[in-house]
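Each residue of the sequence shown is one higher than the one before, starting from 5 at the first, in the numbering used here.
For each residue, glycine too, the CB sits at the ideal point set by N, CA and C.
A short worksheet on the structure shown next.
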Amino acid sequence: MEITIWQAEAQGAALERSGATVLEPGPDEVLLEVLHCGLCHSDVSMLDNAWGISTYPLVPGHEVVGRVSAVGAGVSRSLLGSVQGLGWFAGSCRHCDWCVGGHANLCPSLEAVVVGRHGGFASHVLAHQDWIVPIPAGLAAADAGPLFCGGITVFAPLFDEAVSPTARVAVIGIGGLGHLALQFARAWGCEVTAITTSMAKAEEARQLGAHRVLSLAELGDHPGAFDLIINTSNHDLDWPVLIASLAPLGRLHQLGVPPSPLEIPAFPLIGGRRSVTGSPTSSPATLRRMVEFCGRHGITPQVEHLPMAEINTAIARLRRGDVRYRFVLDGPA
Numbered sequence: 005m006e007i008t009i010w011q012a013e014a015q016g017a018a019l020e021r022s023g024a025t026v027l028e029p030g031p032d033e034v035l036l037e038v039l040h041c042g043l044c045h046s047d048v049s050m051l052d053n054a055w056g057i058s059t060y061p062l063v064p065g066h067e068v069v070g071r072v073s074a075v076g077a078g079v080s081r082s083l084l085g086s087v088q089g090l091g092w093f094a095g096s097c098r099h100c101d102w103c104v105g106g107h108a109n110l111c112p113s114l115e116a117v118v119v120g121r122h123g124g125f126a127s128h129v130l131a132h133q134d135w136i137v138p139i140p141a142g143l144a145a146a147d148a149g150p151l152f153c154g155g156i157t158v159f160a161p162l163f164d165e166a167v168s169p170t171a172r173v174a175v176i177g178i179g180g181l182g183h184l185a186l187q188f189a190r191a192w193g194c195e196v197t198a199i200t201t202s203m204a205k206a207e208e209a210r211q212l213g214a215h216r217v218l219s220l221a222e223l224g225d226h227p228g229a230f231d232l233i234i235n236t237s238n239h240d241l242d243w244p245v246l247i248a249s250l251a252p253l254g255r256l257h258q259l260g261v262p263p264s265p266l267e268i269p270a271f272p273l274i275g276g277r278r279s280v281t282g283s284p285t286s287s288p289a290t291l292r293r294m295v296e297f298c299g300r301h302g303i304t305p306q307v308e309h310l311p312m313a314e315i316n317t318a319i320a321r322l323r324r325g326d327v328r329y330r331f332v333l334d335g336p337a
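Structure representation (structure tokens):
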């Protein structure tokens with residue numbers, strides 16, 4: 005069928021509206037009519053080929069909320085017309101040890117929505133049925149898109165690692181990821197500290213769930229204070245200070261990609277059995293648990309809506325940090 009797409013012809017180029025042909029869904033696939041699509045900083049990284057995996061023309065967009073408009077063989081027709089979410093991944097092999105072990109997000113044959121295929125800044129997008137997630141009652145579908153990438157990356161360190169509700173959790177960076185991390189950690193039952201370079205955000209951080217707010221410069225005054233630090237910043241930080249602020253058995257969970265390698269001192273890791281982890285989103289099962297958790301606790305991204313036709317405006321504003329906290333582009337494309 006003929007669809008509409010927004011594509012960049014070359015690295016860093018603006019998106020242009022165009023047409024494309026998409027095949028009917030294959031076995032176990034669904035076709036989503038895109039209703040809303042969040043704009044993630046990863047889309048900008050793909051546009052700029054910052055990771056060396058982009059191919060052009062490129063259609064970004066991987067925080068999709070859409071309506072199932074067609075299904076392939078092996079997919080229940082009861083899904084037709086349902087509203088589903090789709091994040092960074094659109095498929096996996098389903099038979100490797102990682103897939104059958106419940107960690108499909110670690111599959112060596114993962115299919116990313118925006119790598120080698122067109123993404124969600126389009127009228128329609130294809131995905132495997134395993135990777136779509138129904139939007140539960142109590143969660144506004146129009147605002148849910150950012151949960152399927154930004155949200156899951158900050159939910160995973162709590163859920164997948166079975167963090168205790170008595171844990172002391174710090175979140176560095178009150179932005180697209182951090183504003184969700186604060187909400188998740190507070191609803192989890194944790195003692196939550198927001199760490200920021202802009203104390204002008206302090207009151208807003210408290211409204212999002214922080215029990216207290218520290219400036220990044222104050223972190224060195226709190227040795228051994230945290231069981232978990234979720235770092236959403238993509239800047240080079242004073243890594244020894246971060247590690248020193250962890251309690252024994254504490255964990256630094258790194259989500260931002262700083263320009264330089266992390267220089268982590270070995271002795272504090274060894275002496276306190278501390279660790280450094282990360283999360284490449286999570287499994288389909290964890291995605292489903294996340295949206296259920298959001299519906300139960302009233303957790304929602306703070307978004308600004310724009311029509312899909314204003315996607316280039318949204319990208320330009322995201323590049324200069326002019327959004328609080330995520331853009332969602334509304335169809336039709």
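Within the region 50 to 91, the runs of beta strand (DSSP E) at least 3 residues long that lie entirely inside it are, in chain order, 67 to 75, 87 to 90.
The C-beta of H239 has fewer than 16 other C-beta atoms within 10 Å across all chains shown, which makes the residue exposed. Note on I156: 16 or more other CB atoms within 10 angstroms of its CB, so buried under the neighbour-count rule. Following the DSSP letters along the chain, one finds I176 inside the beta strand (DSSP E) bounded by residues 172 to 176. Within the same chain, and ignoring the five residues on either side of S219 in sequence, the residues whose Cβ sits closer than 8 Å to its Cβ are I199, T200, T201, M203. M312 is not a Cβ neighbour of L151, given a cutoff of 8 Å. Nearest C-alpha to P29 among L39, S168, M5: M5.
A check of alpha carbon separations from E67 across Q88, G56, A221 identifies Q88 as the nearest.
Beta-bridge analysis with DSSP links D334 to H40, P311. In terms of Cα proximity to Q133, the closest of A74, V158, V119 is A74.
Going by DSSP, Q211 is part of the alpha helix (DSSP H) stretching over 206 to 212. In the three-state reduction of the DSSP assignment, D231 falls in the strand class, which pools E and B. When H183, I268, G91, E208 are compared, the shortest CA-CA separation from G149 is found for G91. If the five residues before and after G120 are omitted, its C-beta is found closer than 7 Å to the C-beta atoms of T59, all from its own chain and listed in chain order. Residue environment: E208 is assigned as buried (16 or more neighbouring CB atoms within 10 Å of its CB, all protein chains considered). Contact between G42 and V332 holds, with the beta-carbon distance rounding to 5 Å and staying under 8 Å. Rounded to the nearest angstrom, the gap between the Cα atoms of E267 and P161 is 21 Å.
Relative to L143, the option among G85, I303, G16 whose CA is nearest is I303. Taking 8 Å as the cut-off, the Cβ atoms of F159 and F188 count as close.
Under the three-state reduction of DSSP, H45 is assigned to helix.
In the three-state reduction of the DSSP assignment, T290 falls in the helix class, which pools H, G and I.
Q258 and N235 have their C-alpha atoms roughly 5 Å apart. In the structure shown, R255 adopts extended strand secondary structure according to DSSP, grouped into three states. For R216, the three-state secondary structure derived from DSSP is strand.
Counting C-beta atoms within 10 angstroms of its own C-beta, T285 has 16 or more neighbours from the protein chains shown and is therefore classed as buried. Boundaries of the beta strand (DSSP E) harbouring A24: 20 to 25, taken from the DSSP string. Here Q306 carries a coil assignment [DSSP, helix/strand/coil].
In the three-state reduction of the DSSP assignment, A108 falls in the helix class. The Cβ atoms of V72 and V34 lie closer than 8 Å to each other.
Counting along the chain, no alpha helix (DSSP H) covers T201, and no H or E run does either.
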